[in-house]
Amino acid sequence: MPVDSTSELLKHYEVYETIGSGGFAKVKLGRHILTGEKVAIKIMEKKDLGDDLPRVKTEIEAMKNLSHQHVCRLYHVIETSSKIYMVLEYCPGGELFDYIIAKDRLSEEETRVFFRQIISALAYVHSKGYAHRDLKPENLLIDENHNLKLIDFGLCAKPKGGLGLELLTCCGSPAYAAPELIQGKAYIGSEADVWSMGVLLYALLCGFLPFDDDNYMVLYRKITRGKYSNPHWLSPASILLLNQMMQVDPKRRLTVKQLLDHPWVMKGYSTPVEWHSKHPLGHIDEDCITEMAVAFKQSRHRTIQLVSEVLIIEMCNYVLNCISHMSRSRSLDLAGCQVDSGQKRKGGKVFGSLERGLDKVITMLTPSKKRGPRDGPRKIKVSFTDADQVLNQILSILPEKNVDFVQKGYTLKCHTQSDFGKVTMQFKLEVCILQKPEVVGIRRQRLKGDAWVYKHLVEDILSTSSV
Numbered sequence: 001m002p003v004d005s006t007s008e009l010l011k012h013y014e015v016y017e018t019i020g021s022g023g024f025a026k027v028k029l030g031r032h033i034l035t036g037e038k039v040a041i042k043i044m045e046k047k048d049l050g051d052d053l054p055r056v057k058t059e060i061e062a063m064k065n066l067s068h069q070h071v072c073r074l075y076h077v078i079e080t081s082s083k084i085y086m087v088l089e090y091c092p093g094g095e096l097f098d099y100i101i102a103k104d105r106l107s108e109e110e111t112r113v114f115f116r117q118i119i120s121a122l123a124y125v126h127s128k129g130y131a132h133r134d135l136k137p138e139n140l141l142i143d144e145n146h147n148l149k150l151i152d153f154g155l156c157a158k159p160k161g162g163l164g165l166e167l168l169t170c171c172g173s174p175a176y177a178a179p180e181l182i183q184g185k186a187y188i189g190s191e192a193d194v195w196s197m198g199v200l201l202y203a204l205l206c207g208f209l210p211f212d213d214d215n216y217m218v219l220y221r222k223i224t225r226g227k228y229s230n231p232h233w234l235s236p237a238s239i240l241l242l243n244q245m246m247q248v249d250p251k252r253r254l255t256v257k258q259l260l261d262h263p264w265v266m267k268g269y270s271t272p273v274e275w276h277s278k279h280p281l282g283h284i285d286e287d288c289i290t291e292m293a294v295a296f297k298q299s300r301h302r303t304i305q306l307v308s309e310v311l312i313i314e315m316c317n318y319v320l321n322c323i324s325h326m327s328r329s330r331s332l333d334l335a336g337c338q339v340d341s342g343q344k345r346k347g348g349k350v351f352g353s354l355e356r357g358l359d360k361v362i363t364m365l366t367p368s369k370k371r372g373p374r375d376g377p378r379k380i381k382v383s384f385t386d387a388d389q390v391l392n393q394i395l396s397i398l399p400e401k402n403v404d405f406v407q408k409g410y411t412l413k414c415h416t417q418s419d420f421g422k423v424t425m426q427f428k429l430e431v432c433i434l435q436k437p438e439v440v441g442i443r444r445q446r447l448k449g450d451a452w453v454y455k456h457l458v459e460d461i462l463s464t465s466s467v
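Read in order, the letters of the sequence shown are residues 1 to 467 in full-length UniProt numbering.
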């Protein structure tokens, strides 16, 4: 049963500004009240979900069953009569897509670091019986340690007969879709994922897509032929790997297992990709057990017994692993992500005594933080002369590109619309003064819409503006 209001959310989290939005959801920055840890809160209006509601349920169910160092953590799910809230691991580095755009393209060495993490995540996801089916740079986030986290499991599939069972649903992003998928053939999910990984690897190395066209029919023809250009900067080893992954015949493609120790992947490394989870579900942190045993004056054995009992399993999942996350590994082991339904927690004497001692444990394990007003916005010293000129140049160009905007100071919230008035793209442009004197920068952020269309549009705006 859903709870009646957002009070359950506000009981656990402070909610701040919007940091992203999609077709049927927006994401806000939040802070876990108990520990002060930042989180991302995905907010979905049920009335707007419509036929996408099963996709949300699929994503929640999958993320509850996945726990891996390169998969974004689902901490908490709250359902009200009108909304669904997903509280997720916060990744301040943003999307991998934006990182590619900022650097134009990545070096082979940096690409290899990221790609090994992508292989690790996919090997784990496949081992759990899931095919992701929507791999792209927008669905990989960069955490505070510059590691990748795979997100968006709304299109994933877990065939009841195992991952080798053929699938029929055509889904995902057209530019990353495997030939067999867009042709409407039955396909193996893991094989389709490898094709998408190949497209993703190409995007990392080149800064653009191997198959791209504004006309979907032309795009599909390019994909089914499997022909793409190899820029001069690609090494022979990179060209070979891309060719092995983007084979039109899925049976000729490399498997994820073969990628683990592929020569290109192994270059500069002494060991194959480690894909096993460092945070297995059901894991109870040993240091937490020690601290709790001291706090509650119990033996380690008895403490483990207590936290393993059904009576306190909710607290074990939500609090113990939360403490472990906040203080040690910076990533949360949430074995049984809860869906709040408004029931009162029931517990006897043992539960009560543990609950009363939580503050002591949290104090011992959680590093202190200075509680500023959300850690504050960027503070920069500015001289507006050059910034005004840049801003005016951009303002003069936007109408020519059929871009509507709302201006707030030096920030422009822009959007484009279809012929029927539907918003197709949303993005922000912010004119900033960098630290060096007289240097003006443009901060850009995609909020909604196709990533590569956004890239072309913004580059066109900036080049036409001569900034």
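Using N, Cα and C, we set each Cβ at its ideal position, and we do this for glycine too.
{"Asked": "Just mark arginine 31 as buried or exposed, buried being the case when its beta carbon has 16 or more other beta carbons within 10 Å.", "Found": "buried"}
{"Asked": "With the cut-off set at 8 Å, would you say leucine 140 and isoleucine 119 are in Cβ contact?", "Found": "no"}
{"Asked": "Are the CB atoms of tyrosine 99 and isoleucine 41 nearer to each other than 8 Å?", "Found": "no"}
{"Asked": "Let's test the definition: count the other Cβ atoms within 10 Å of the Cβ of proline 399 and tell me whether it reaches 16, buried, or not, exposed.", "Found": "exposed"}
{"Asked": "Sorted by chain position, which residues of the same chain lie with C-beta nearer than 8 Å to valine 390's C-beta, five sequence neighbours on each side aside?", "Found": "Val431, Val440, Ile442, Ser465, Val467"}
{"Asked": "Extract the residue ranges of the alpha helix (DSSP H) inside the region 212-276, only unbroken runs of 4 or more that lie entirely within it.", "Found": "216-225, 236-245, 256-259, 263-266"}
{"Asked": "With three or more C-beta pairs closer than 8 Å as the rule, is the region 260-273 touching the region 205-224?", "Found": "no"}
{"Asked": "Are the Cβ atoms of glycine 184 and arginine 133 separated by less than 8 Å?", "Found": "no"}
{"Asked": "On the premise that isoleucine 43 lies in contact with glutamate 14, defined as a C-beta separation below 8 Å, what is that separation, rounded to the nearest angstrom?", "Found": "At roughly 14 Å, the Cβ-Cβ gap does not stay under 8 Å, so glutamate 14 and isoleucine 43 are not in contact."}
{"Asked": "Residue 471 and arginine 105: beta carbons closer than 8 Å?", "Found": "Residue 471 is absent from the structure shown; the chain starts at 1 and stops at 467."}
{"Asked": "Can you look up arginine 444 in the DSSP assignment and give me helix, strand or coil?", "Found": "strand"}
{"Asked": "Rounded to whole angstroms, what's the CA-CA distance from lysine 401 to arginine 446? Just pull it up for me.", "Found": "17 Å"}
{"Asked": "Is lysine 136 near leucine 200, with beta carbons less than 8 Å apart?", "Found": "yes"}
{"Asked": "Which class does alanine 131 belong to by DSSP, given the choice of helix, strand or coil?", "Found": "strand"}
{"Asked": "Kindly confirm or deny that the region 123-133 and the region 152-165 touch, where touching means at least three C-beta pairs closer than 8 Å.", "Found": "yes"}
{"Asked": "Measuring alpha carbon to alpha carbon, tell me which of Asn230, Lys455, Trp195 ends up nearest proline 250.", "Found": "Trp195"}
{"Asked": "Pair every Cβ in the region 16-24 with every Cβ in the region 65-83, then say whether three or more of these pairs are closer than 8 Å.", "Found": "no"}
{"Asked": "If you reduce the DSSP assignment to three classes, tell me which class valine 113 lands in.", "Found": "helix"}
{"Asked": "Using only the alpha-carbon positions, how far apart do cysteine 170 and glutamate 191 sit?", "Found": "14 Å"}
{"Asked": "Mind checking who isoleucine 43 pairs with in its DSSP beta bridge?", "Found": "Lys26, Tyr85"}
{"Asked": "From the DSSP secondary-structure annotation, give me the bridge partner or partners of tyrosine 187.", "Found": "Leu167"}
{"Asked": "Take the Cβ of valine 403 as the centre, count every other Cβ of all protein chains shown within 10 Å, and call the residue buried at 16 or more, exposed below.", "Found": "buried"}
{"Asked": "Taking the alpha helix (DSSP H) that tyrosine 99 falls in, what are its first and last residues?", "Found": "96-103"}
{"Asked": "Keeping to the same chain, check which residues put their C-beta closer than 6 Å to that of leucine 412; ignore five residues upstream and five downstream.", "Found": "Phe405, Leu429"}
{"Asked": "Counting only the same chain and skipping the five closest in sequence on each side, list residues whose C-beta sits under 6 Å from that of glutamate 89.", "Found": "Cys72, Arg73"}
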